[in-house]
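Visitor:
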Amino acid sequence: MRKYSQYIGLPFVYAGVAILALAFIFNASDSNAVLFTGLFFILVGTVGFIINTKKTSKY
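Residues 451 to 509, numbered by my numbering, are exactly what the sequence shown covers, in order.
(1) Following the continuous alpha helix (DSSP H) through residue 458, name the residue where it begins and the one where it ends.
(2) State buried or exposed for residue 500, treating a residue as buried only when at least 16 other CB atoms are found within 10 Å of its CB.
(3) So, at 6 Å on beta carbons, what are the nonlocal neighbours of residue 504 in its own chain, with the 5 sequence-adjacent residues on each side left out?
(4) Quick one: grab the DSSP three-state call for residue 435.
(5) Out of 473, 463 and 485, point me to the one whose CA is closest to residue 491's CA.
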């Protein structure tokens, strides 16, 4: 699991965007739980991607 943790950032962002897009398409954007779930996925994915990029960077 540890070797795959470096690839989890962008899929989380994609999943968050997909959740928000589906909420808009199916008119479920009045539910805060759905919107916060999408936001959570995007934020966690972004933070994970940045941490992984800093860890693997030479600079």
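Using N, Cα and C, we set each Cβ at its ideal position, and we do this for glycine too.
Guide: With the given structure in hand:
(1) For the purposes of this step, residue 458 is taken as residue 8 along the sequence shown, with counting starting at 1. For residue 458, no alpha helix (DSSP H) encloses it, and the DSSP letter there is neither H nor E.
(2) Position 50 of the sequence shown, counted from the start, is the residue given in the question as residue 500. With fewer than 16 Cβ atoms within 10 Å of its Cβ, residue 500 is classed as exposed.
(3) Your numbering for residue 504 matches position 54 in the sequence shown. Excluding positions up to five away in sequence, the list is empty.
(4) Shown here, the chain extends from 451 to 509; a query on residue 435 therefore has no answer.
(5) Residue numbering aside, residue 491 sits at position 41 when the sequence shown is read from its first letter. Residue 463 is the option with its Cα nearest to residue 491.
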